[in-house]
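Colleague:
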């Protein structure tokens with residue numbers, strides 16, 4: 377029987393972080409077992425923009441981590457510090473204070489050290505997210521929404537760096553080798569993993585197993601069971617291999633399930649994207665996050681969310697759900713010419729999305745009918761009422777200037793007109809041609825329900841004893857009690873590293889090789 381110091385189940389960013397931390401802490405034999413083929417390496421991390429949310433003290437604190445800022449640029453960049461209090465508050469407010477506060481505070485407290493480790497030890501090519509998290513205002517790059525760090529070439533660049541680091545450390549990765557079950561001794565301690573490799577079941581010996589197998593978002597049956605029947609029709613944004621296997625294995629040895637099993641990270645997704653799997657080439661390009669600059673209407677021609685409620689990275693994870701719940705499970709995003717020019721080319725380029733353009737709103741309505749708009753008259757009325765409300769607000773607030781880098785207060789609410797569903801910020805009239813619309817659906821990224829863990833060790837908690845199961849750890853999207861209903865963008869990748877490092881270090885201690 378082959379023996380390893382630590383076996384990680386799942387080869388995404390969180391699993392790689394755990395394996396690298398175990399190796400760094402003294403484990404000499406570390407193995408990652410991955411269900412997917414090598415052509416699908418990286419799990420959901422591959423399909424992200426590579427954003428990492430972290431506590432920081434502003435631009436000077438981040439400059440040592442990034443590779444895309446010249447000395448000439450430094451004086452033209454505005455990045456406000458992002459404090460531990462702000463980070464904690466963002467997770468707690470978006471989750472309606474349901475998240476485990478100790479777990480959240482652990483993530484927040486260790487976030488800066490985690491991204492520093494990724495940059496220095498793993499070699500992740502961090503850059504400032506100019507094209508994703510900043511707008512040019514009066515010649516200055518103004519960052520917004522609490523996130524400034526992303527990776528060169530997005531998730532592709534992140535996973536490339538992870539696997540290059542795994543190679544340097546000599547860490548084995550077995551692709552097309554799904555873990556089937558976790559074995560335990562008579563006292564309940566973990567002692568191995570059964571893996572199917574080359575068609576054979578192999579029992580591998582180990583004292584430490586790290587679960588990093590992702591959620592159940594790629595499993596239509598489990599989506600319908602936990603999230604509701606409509607979720608069978610959600611588009612899978614990332615890997616098709618996250619089907620909930622890790623939870624089954626964990627439950628079989630008594631692990632405790634916790635968290636928001638009715639919640640998930642979803643997003644506005646290109647309605648023409650593949651429905652059941654992400655696209656390895658376009659990856660994150662199918663995201664359609666420009667709605668704060670315009671409005672969204674459903675098939676009946678009605679708005680259904682406050683597009684300017686908050687910055688995009690605080691709303692997209694819940695607005696995807698709202699799109700799914702609309703008639704037909706789709707919607708249309710639309711913009712006036714003055715705002716469409718601010719859309720990110722990565723998401724809205726001519727070769728990326730099907731653009732529906734027109735020189736009049738009436739012409740746009742006719743074209744949208746061909747794409748699924750069911751009530752042309754209602755659509756036109758929505759635009760008229762919205763424009764009227766915007767103009768009345770501007771009459772009362774003539775000095776308010778549109779600034780997409782702050783919550784500028786330009787809204788649809790005034791003493792003359794207040795829409796029942798407001799647009800609270802960045803409300804400009806839809807009145808300048810050419811008009812642009814795109815059709816969007818709901819893309820599901822990962823699910824929020826997961827396993828209970830000890831925040832200090834990432835050890836998985838037993839349902840029966842309430843104590844950690846010796847030898848079993850968890851990180852990444854399998855961690856429960858962290859996010860509820862919504863989440864601040866960029867938190868997931870950081871969390872995977874924070875708790876992955878803890879799991880790897882604890883694995884080394886169990887193997888008798890821990891350096892700390």
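In the numbering used here, the protein residues as written are 377 to 892. Even for Gly, the Cβ is constructed at its ideal location relative to N, Cα and C.
1) Check each candidate in 409, 771, 671 and name the one with the smallest Cα separation from residue 755.
2) Is the beta carbon of residue 675 closer than 8 Å to that of residue 702?
3) Count the C-beta pairs between the segment 433-443 and the segment 565-580 that are closer than 8 Å, then say yes if the count reaches three, no if not.
4) Count the C-beta pairs between the segment 624-632 and the segment 675-690 that are closer than 8 Å, then say yes if the count reaches three, no if not.
5) Measuring CA to CA, which of 598, 792, 408, 555 is closest to residue 764?
6) If you compare alpha carbons, which of 707, 770, 644 is closest to residue 749?
7) Which one or two residues does DSSP pair with residue 789 in a beta bridge?
8) Report buried or exposed for residue 625, applying the criterion of at least 16 other Cβ atoms within 10 angstroms of its Cβ.
9) Using DSSP with H/G/I as helix, E/B as strand and the rest coil, what is residue 415?
10) What's the C-alpha gap between residue 719 and residue 406?
11) Could you pull out every residue in the same chain whose Cβ sits closer than 8 Å to the Cβ of residue 377, ignoring the five residues on either side in sequence?
12) Using CA coordinates, which residue listed in 588, 616, 589, 587 is at the minimum distance from residue 596?
13) How should residue 605 be labelled, buried or exposed, when 16 other C-beta atoms within 10 angstroms of its C-beta is the threshold for buried?
14) Spell out a yes or no on whether the segment 545-563 and the segment 453-465 are touching, meaning 3 or more CB-CB pairs, one atom from each, closer than 8 Å.
15) Could you tell me which residues DSSP puts in a beta bridge with residue 420?
16) Just curious, the beta strand (DSSP E) that residue 712 is in, first and last residue?
17) From what residue to what residue does the alpha helix (DSSP H) around residue 724 run?
18) Taking only runs that begin and end inside the segment 734-776, name each unbroken alpha helix (DSSP H) of 4 or more residues, in chain order.
19) First and last residue of the beta strand (DSSP E) that includes residue 819?
20) What did DSSP end up calling residue 643 once you bin it into helix, strand or coil?
21) Going by beta-carbon coordinates alone, are residue 443 and residue 501 separated by less than 8 Å?
22) Determine the DSSP secondary structure at residue 892, reduced to helix, strand or coil.
23) Mind the definition here: the segment 856-868 touches the segment 466-483 only if three or more C-beta pairs lie below 8 Å; say whether that holds.
24) What whole-angstrom Cβ distance do residue 826 and residue 634 have, given they're in contact under 8 Å?
25) Confirm, please, whether the CB-CB distance from residue 641 to residue 821 is below 8 Å.
26) At a Cβ threshold of 8 Å, is residue 882 touching chain D?
27) Would you check if the segment 526-535 and the segment 413-422 touch, i.e. whether three or more CB-CB distances between them fall below 8 Å?
28) If you reduce the DSSP assignment to three classes, tell me which class residue 838 lands in.
29) Locate the beta strand (DSSP E) running through residue 672, then write down its first and last residues.
30) On a CA-only basis, which of 757, 685, 723, 726 is nearest residue 738? Give me that one, please.
31) Determine which residues share a DSSP beta bridge with residue 432 and list them.
32) Answer with buried or exposed for residue 389, where buried requires no fewer than 16 other C-beta atoms within 10 angstroms of its C-beta.
33) Can the beta-carbon of residue 684 be found less than 8 Å from the beta-carbon of residue 801?
34) Looking at the unbroken beta strand (DSSP E) that takes in residue 511, where does it start and where does it end?
35) Cβ atoms of residue 589 and residue 599: under 8 Å apart, would you say?
Modeller: Well, looking at it:
1) 671
2) yes
3) no
4) no
5) 792
6) 707
7) 794
8) buried
9) helix
10) 44 Å
11) 568, 579, 580, 581
12) 616
13) exposed
14) no
15) Residue 420 pairs with nothing; no bridge assigned.
16) Note, residue 712: premise wrong, no beta strand (DSSP E); not H, not E.
17) 721-724
18) 737-746, 752-772
19) 811-823
20) strand
21) yes
22) Confidence is the limiting factor: at residue 892 the pLDDT is only 40, short of 50, which leaves the residue's position unreliable, though a coordinate-based value still follows. Of the three classes helix, strand and coil, the one that applies to residue 892 here is coil, per DSSP.
23) yes
24) 7 Å
25) yes
26) This model lacks chain D altogether; it includes just one protein chain.
27) yes
28) strand
29) 671-674
30) 757
31) 458
32) buried
33) yes
34) 510-513
35) no
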